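Beneath this line is the structure, given in structure tokens, with notes to follow.
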Amino acid sequence: MNGSRWTMIVLIAVVTLFLVSWAIKSFPSSGDTISWPSIRHAFFVTLAAFVTLAIFSFLYKDNPYYKFAEHLFVGVSAAYWMCVGFWSTFVGNLIPRISPGLSKFFGVPYKEFTFYYFVPLILGILLLMRLSSKAGWLSRWALAFIVGTTAGLNLIRYLRSDFISQVSNTFVPLLVQWKGTGAFFSDFSLASGGQFTLMLTNWVIFIGTFCGLIYFFFSKEHKGVFGAASRVGIWVLMITFGASFGYTVMGRVSLLVGRLTFLFDDWLGLMN
Amino acid sequence: MKRQFLLLLLLCFAVAAPLATAQTAEDSPLSGEAAVAVSPAPGPVSNIQLKDTDNDHGHSVTLSWEISPDDGAGLNNVIGYEIHRALSPEGPFVKRAGVPAGSHSHVDVGSKEESSPDYMKDYIDYYYKIRTITADSAVNAESTVAGPIQSYGQWFNTGRVPVLIFVACFLALTLYFINRAKGGADLYVRPLAGIGAVDEAIGRATEMGKPILYVLGLGTAADIATIASYTILGRVAKKVAEYQTGLIVPCYDPIVMTVAQETVKASYADAGRPDSYKEDMVYFVTQSQFAYVAAVNGTMLRDLPATNIYMGKFYAESLILAETGALAGSIQIAGTDEIAQIPFFVVACDYTLIGEELYAASAYLGREPLLLGSLKAQDYAKAGVILIALVGFILLNFGVDGFKEFFFVSN
């Protein structure tokens with residue numbers, strides 16, 4: 002059997018399965034009569050299930066069904082976000098502040114004329130200048146403005162949250178609730194709120210932060226004591242990444258469970 | 015006999031129940047009019063101080079007061095305070111908030127949006143009074159009217175002075191090292207394994223006659239990771255132009271695409287091959303995260319690039335991309351400052367630039383005085399952090415807490 006015939010057989014099988022699934026889902030399980038909403042609902046549930054399976058087919062290898070799902074997904078999402086951008090930013094935000102006539106035209110309530118809304122409008126027009134071969138250079142002004150201002154704003158934000166806060170959080174006591182060696186060993190406990198755990202946490206914060214910072218020091222070769230501290234730093238980082246990896250994978254498994262629940266419950270109805 | 019006993023029991027209950035109810039009503043201060051009579055009104059709050067809230071954009075007034083003498087003492091029947099505001103001393107007063115007993119202050123924050131019903135206009139007079147409330151809504155005490163007070167914004171947030179000092183120090187360091195780099199000083203930057211691999215990977219792609227896939231991630235054009243990625247893209251594009259290898263740059267964000275197009279175009283011009291540049295090397299896919307991933311995965315399996323480079327900001331798609339690239343047999347180099355995604359790149363890529371290494375890579379590759387200077391400034395800032403943290407740590411462990419307060423930054 003040649004390849005094209007095999008492809009045709011698979012296609013016919015898929016279309017047949019789709020139609021059968023659609024027909025079965027269209028009949029309400031409670032014994033009610035078939036209706037237009039139930040037919041429509043059955044179509045979309047079946048389509049969603051087939052598109053999900055088409056995406057899953059990527060696990061086998063690239064194939065026409067994956068390509069179909071991919072192009073459908075990309076096309077629909079690109080169009081959707083363009084519409085969201087137009088109606089929420091341009092019509093929803095800009096128009097009501099610059100023109101009562103246009104507000105009326107688009108059916109949005111006019112708010113108040115705000116002159117500085119012309120700044121993003123002009124920057125937007127400058128960006129569109131890229132379409133012109135002669136005036137294309139003007140778009141760089143808008144790009145420079147966007148990149149420069151937001152990078153500057155981010156600098157302050159990160160300096161506050163990641164830098165200064167990090168510095169002050171490193172000031173930790175190494176001997177928490179210390180009442181002497183005897184008391185420490187007589188009251189020894191591995192409880193999460195216990196003295197030993199609190200002290201261990203602070204030691205890890207202190208050593209981890211210092212060695213981690215040394216690892217990210219690029220102006221000096223990592224040799225000798227400096228190199229040893231750097232190696233401790235990368236160990237701390239890797240242990241953190243390992244914990245983060247496990248934690249995130251568990252989150253992803255829940256996404257898979259959600260999709261399988263859709264297939265087995267919403268589509269096949271096997272979970273009731 | 016049993017029936018007579020039950021009748022007696024019922025009779026006792028019938029007589030006792032009304033008596034018990036009457037007793038309960040007398041005991042409870044919250045039930046019935048009798049309770050009002052025995053629950054005297056608490057004393058009002060006194061010495062209400064009003065001031066415009068410091069270090070804000072306006073639309074807010076801060077109140078402070080001395081609590082009622084019956085709050086936690088005296089009659090001890092105060093359960094909270096209600097803040098009321100009016101535009102004139104005569105009213106009408108509108109309730110703005112409620113705070114629990116024991117509170118000495120409250121910040122009345124209004125909206126800055128004129129369309130909001132909670133809008134609080136700046137530079138007009140406001141009057142406040144505070145009602146001391148008890149468990150019985152009918153029993154309360156009102157303070158005298160305080161005011162007028164006006165809200166207004168400040169130009170300078172004094173709570174952020176530590177940030178200003180750090181920015182000034184960092185800028186001074188950056189300018190100093192940029193000048194040194196411009197003056198021809200040899201500024202050492204230690205080699206990074208991932209960066210050495212970039213040239214190797216471009217060479218491999220050229221030998222195999224396959225393209226290089228460069229993914230800028232899901233960040234916006236202004237994310238620091240994306241900005242660092244532009245520099246690396248510029249360097250990669252220049253090498254690609256020199257070797258006449260293919261380059262594919264699918265973009266998630268239209269602005270990122272525009273900047274990437276400019277970067278690649280400039281690199282091709284620098285390499286002396288402006289004619290080889292094609293606009294569709296850098297293209298927009300979609301702004302939907304997983305649709306973008308589906309499209310890039312498809313590209314990986316159909317075009318089979320020899321090298322995949324992921325540099326920028328990545329989220330949940332990182333492992334999907336890196337795994338598909340590994341399946342396609344490509345050499346993979348990744349770099350991101352998104353902590354949660356680094357582990358995925360570490361396990362699925364051949365080389366990974368961790369966090370700040372991404373920024374260092376752009377300076378290392380670019381070798382431009384501006385980038386080298388800022389990298390050196392970052393290193394010295396880190397040395398400063400180590401020193402400050404050490405001093406703070408020692409002081410705290412010797413019982414001096416004041417040093418830590420300097421690093422407190424208000425919102």
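These protein sequence lines are chains A and B, in that order.
Per my numbering, the first sequence starts with residue 2, numbered consecutively.
Per my numbering, the second sequence starts with residue 15, numbered consecutively.
We put the beta carbon where it would ideally sit given N, CA and C, even for glycine.
None of the values given here were measured: they were computed from a predicted structure.
Interface flag for Asn193/B against chain A is unset, since no Cβ pair is found closer than 8 Å.
According to the DSSP assignment, Leu367/B belongs to the beta strand (DSSP E) that extends over 365–368. For Trp23/A, there are no neighbours in chain B by C-beta distance under 7 Å, as the nearest C-beta there is about 24 Å away. Between Ala397/B and the set Gly213/A, Gly252/A, Trp37/A, the nearest pair of CA atoms involves Gly213/A. Within the stretch 170–186 of chain A, Thr171, Phe172, Val173, Pro174, Leu175, Leu176 place their CB atoms closer than 8 Å to a CB of chain B, listed in sequence order. Distance from the CA atom of Val399/B to the CA atom of Ala195/B, rounded to whole angstroms, is 23 Å. Between the stretch 59–66 of chain B and the stretch 76–89 of chain B, the count of C-beta pairs closer than 8 Å reaches three or more; the two stretches touch. Distance from the CA atom of Val77/A to the CA atom of Gly116/B, rounded to whole angstroms, is 57 Å. Proximity to Leu384/B across Ala211/B, Gly197/B, Gly217/B peaks at Gly197/B, based on C-alpha coordinates. Taking 3 residues as the minimum length, the beta strand (DSSP E) runs contained wholly in the stretch 347–414 of chain B are 365–368, in order along the chain. Glu293/B has a beta carbon lying at 8 Å or more from every beta carbon in chain A. In the DSSP annotation of this structure, the continuous segment of the beta strand (DSSP E) that includes Thr76/B starts and ends at 74–80. Setting aside the 5 residues that flank it on each side, Asn203/A is surrounded in the same chain by Val173, Pro174, Leu175, Val177, each with a C-beta closer than 8 Å to its C-beta; the list follows chain order.
In the structure shown, the three-state DSSP call for Ala160/B is strand. In this structure, DSSP gives Ser290/B a helical state, which the three-state scheme calls helix. Among the CB atoms of chain B, none fall inside 8 Å of the CB of Val46/A.
In the same chain as Asp364/B, and ignoring 5 residues on each side of it, the C-beta atoms closer than 8 Å to its own belong to Ala211, Ile345, Gln346, Ile347, in chain order. The beta carbon of Ala192/A sits closer than 7 Å to those of Thr198, all from its chain and outside the five residues before and after it, given in chain order.
With its beta carbon less than 8 Å from one in chain B, Asn155/A belongs to the interface. Neighbourhood of Val168/A in chain B, by CB distance below 8 Å: Val399, Ile402, Ala403, Gly406, Phe421, in chain order. Taken in chain order, the complete beta strand (DSSP E) segments of 3 residues or longer contained in the stretch 263–333 of chain B are 296–298, 321–327. In the displayed model, Leu261/B falls within a strand according to three-state DSSP. A straight-line Cα-Cα distance of about 31 Å links Ser388/B and Ala362/B. Leaving aside the five residues that flank Leu64/B on each side, the residues in its chain whose CB is nearer than 7 Å to its CB run, in chain order, Val75, Leu77, Tyr142, Ala160, Gly161, Ile163.
Residue pairing for Thr202/A: DSSP places it in no beta bridge. In the three-state reduction of the DSSP assignment, Ile165/A falls in the helix class, which pools H, G and I. Separation of Gly326/B and Ile356/B (C-alpha to C-alpha, rounded to the nearest whole angstrom) is 11 Å.
Within 7 Å of the CB of Ser27/A, no CB atom of chain B is found; the nearest one sits about 29 Å away. Across the structure, Lys292/B and Gln301/B are spaced so that their CA atoms are roughly 23 Å apart.
Shown here, Asp84/B sits in coil according to DSSP, grouped into three states, outside any helix or strand. Val16/A: member of the alpha helix (DSSP H) spanning 4–27, first to last residue. Just measuring C-alpha positions, the residue of Lys135/B, Leu315/B, Asn311/B, Arg316/B sitting nearest Glu331/B is Asn311/B. Counting along the chain, the unbroken alpha helix (DSSP H) around Pro121/A starts and ends at 119–129.
Residue contact check for Val273/B against chain A: a CB pair falls below 8 Å. Close CB contacts of Ala242/B within its chain, under the 6 Å cut and outside five residues either way in sequence, are with Leu372, Tyr373, Ser376 (chain order). Listed by position along chain B, the residues whose Cβ is nearer than 8 Å to that of Gly4/A form an empty set, because the closest Cβ is around 18 Å away.
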